[in-house]
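Some notes on the structure that comes next.
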Amino acid sequence: MTSGQREQPVAFTPSGSPQASCSDMTTIMSGFHAAHAIAGLIRIGAVDALSKGAPISLEDFPEIDRKLLRSFFRYLTTIGVVESRGEDWVATASGRELFTERSLGAFGIFYEAYGEVTSRIPDLLDGTATYGSDVQRDGAALGLHCGLLARRLTPLMASTLRAHHAKAALDIGCGDGSWLIEAAVHDPAFTGLGLDNSSGALGLAQQRADEAGVADRVHFALGDAFDPTTWPELDHIDAITTIGVLHEQFRDGQDAVLGTLSQFAEIMRREDIGTLLMIEPELRHDNLEFDAEFHLIH
């Protein structure tokens, strides 16, 4: 940089990719701060209006200090998430992309469900904390945000099971139970059993089933997807389904994955279950930035 020149700030682009090399510390910190800012918008309830292109103003948040809020929106303007319209702010075109259901679902997985894990990386590395006991992901948040993917896949999964004459499914790693609940709502003859290792996710699933009026046909149980000894009885189950579960063992290598599939096969033979439907959206490797985050949280 020649004398008299100033370093230009690196703007965070709402698509998720900074405009400079990820080795640039300014870029790293910009993304870090932007993530917390988005969480702030969610917390104060501003996202719904922004996602619809509606203007928001200081008067919409009387409980927040006006000076603080004005500075906050000035920051969001600087990074291109909102733009000012007099005394109001509206989301930019790229900002509205941040607030779509799909984008907020991905944000919830990384920030809410795994934020506690990634924020404790120094403790995990130096041994002062252990994953699974001292540090755990938020199972309820994970189930909630993964539910978006499950709901989008419901038509595909339901039609596949119908083609195999399956009417009762065990969903392993059910999260908030979205797929089973949606299937039961649309097919009065369908029954389901959801299995998950997160009591928080199962509580949310039960609540959703009650609200949807299918709690008499969709039930949930606590258990480990990779330990069939923890599973409940599988009476009347004629299909096993999983969405985005097997990737939990990718870090342990091929033998671990094959071992799990062998266990599933044995259970299916023993219980006379004819269909196994597995969907693994994480099998894509054409997005290096996403893969980097995926490998970190697992």
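Numbers given in this note's numbering equal positions in the sequence shown, counted from 1, plus 9.
Glycine included, each C-beta is placed from N, C-alpha and C at the ideal position.
Less than 8 Å separates the beta-carbon of G186 from that of A218.
Counting along the chain, no beta strand (DSSP E) covers G49; the unbroken alpha helix (DSSP H) around it starts and ends at M34 to R52. Following the DSSP letters along the chain, one finds F229 inside the beta strand (DSSP E) bounded by residues V227 to L231. By the neighbour-count definition (other C-beta atoms within 10 Å, threshold 16), D180 is a buried residue. Only residues of its own chain outside the window of five on either side were considered, and among them A138 and V144 have a CB closer than 6 Å to the CB of R129, listed in chain order. Here DSSP, grouped into helix, strand and coil, assigns A234 to coil. In terms of Cβ geometry, G203 and F229 form a close pair [threshold 8 Å].
For M166, the number of other beta carbons within 10 angstroms of its own is at least 16, and it is reported as buried. Nearest to T250 by alpha-carbon distance, out of W188, G222, E242 and A265, is W188. Shown here for T239: same chain residues with a beta carbon closer than 7 Å to its own, the five before and five after excluded, namely G232 and D233 in chain order.
Under the three-pair Cβ rule at 8 Å, the stretch 116-131 counts as touching the stretch 149-157. Closest by C-alpha distance to I288, out of Y84, I53 and V254, is V254. It is roughly 37 Å from the alpha-carbon of P71 to the alpha-carbon of S208. Just measuring C-alpha positions, the residue of A198, D247, I190 and P241 sitting nearest A224 is I190.
The beta carbons of A198 and V227 sit about 13 Å from each other, so the pair does not count as a contact at 8 Å.
When the five nearest sequence neighbours on each side are left out, the beta carbons in the same chain lying within less than 8 Å of the beta carbon of L158 are those of G114, I252, G253 and P290, in order along the chain.
F273 and E110 have their C-alpha atoms some 33 Å from each other.
With contacts defined by Cβ atoms closer than 8 Å, A172 and I246 do not form a contacting pair. DSSP assignment within the stretch 68-93 yields the following whole alpha helix (DSSP H) runs of 4 residues or more, N-terminal first: 75-87. In terms of CA proximity to L285, T169 leads the group V126, L305, D69 and T169. Nearest in C-alpha terms to S271, of all of E68, P237 and D244, is P237. Beta bridge pairing from DSSP links D205 with L231. Annotation: I118 is outside any beta strand (DSSP E) and is labelled neither H nor E by DSSP. Shown here for R105: same chain residues with a beta carbon closer than 8 Å to its own, the five before and five after excluded, namely L59, S60 and G62 in chain order. The distance from the Cβ of S103 to that of G89 is about 6 Å, consistent with a contact at the 8 Å cut-off. Setting aside the 5 residues that flank it on each side, L67 is surrounded in the same chain by R75 and L78, each with a C-beta closer than 6 Å to its C-beta; the list follows chain order. The residue from F259, W98, M277 and H42 with its alpha-carbon nearest to that of D244 is M277. Linking T163 to D196 through their CA atoms gives a straight-line distance of about 12 Å.
Taking the Cα positions, R160 is about 16 Å away from Q216.
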